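Residue 79 in UniProt numbering sits at position 79 of the sequence shown; the count goes up by one each step and never skips.
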Amino acid sequence: MKVINTNKAPEALGPYSHATVVNGLVYTSGQIPLNLDGDIVSEDVQEQTKQVLENLKEVLDAAGSDLQHVVKALIFLSDMENFQKVNEVYGSYFDTHKPARSAVEVARLPKDVKVEIELIAEVKNV
């Protein structure tokens, strides 16, 4: 197992890494919409979703992967009413490559953000 951390994504809020690589797969920790200073980027769910996916791109890059190698996404929403808005942004990142995905509403997310996403991806060239 290889532990992945990058200074191009916000620091973890607890005792965990950005991702781990095991048997050619990258398992990311959930990312929330924080910038590198650790601040929530916006109250707008679409801006939050964009920041989450940008953070995940950096984590995947540090692990030797990218969005085109994602095999599974899990989206956590604070309110399922935001599903369509999140889906619009998500779809702009996964326009041709469409990994398996789940989206669930949860009671609460860290820092009371509106969206958190975690990914499983293949390492490139394994």
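Note that CB positions come from ideal geometry on N, CA and C, so glycine has one too. This one's a predicted model, so the numbers in the text were calculated from it and none came from an experiment.
Of the other Cβ atoms in all chains shown, fewer than 16 fall within 10 Å of the Cβ of Tyr-16; this residue is therefore exposed.
If you draw a straight line from the Cα of Leu-34 to the Cα of Asn-5, it is about 15 Å long. The stretch 72–82 and the stretch 105–116 touch, with three or more beta-carbon pairs separated by less than 8 Å.
Residue environment analysis places His-97 among the exposed positions, since fewer than 16 neighbouring C-beta atoms fall within 10 angstroms of its C-beta. In this structure, Val-71 keeps its C-beta atom at 9 Å or more from the C-beta atom of Glu-11.
Secondary structure within the stretch 14–78: the alpha helix (DSSP H) runs of 4 or more consecutive residues, fully enclosed, are 45–62 (chain order).
In the displayed model, Lys-114 falls within coil according to three-state DSSP, outside both helix and strand.
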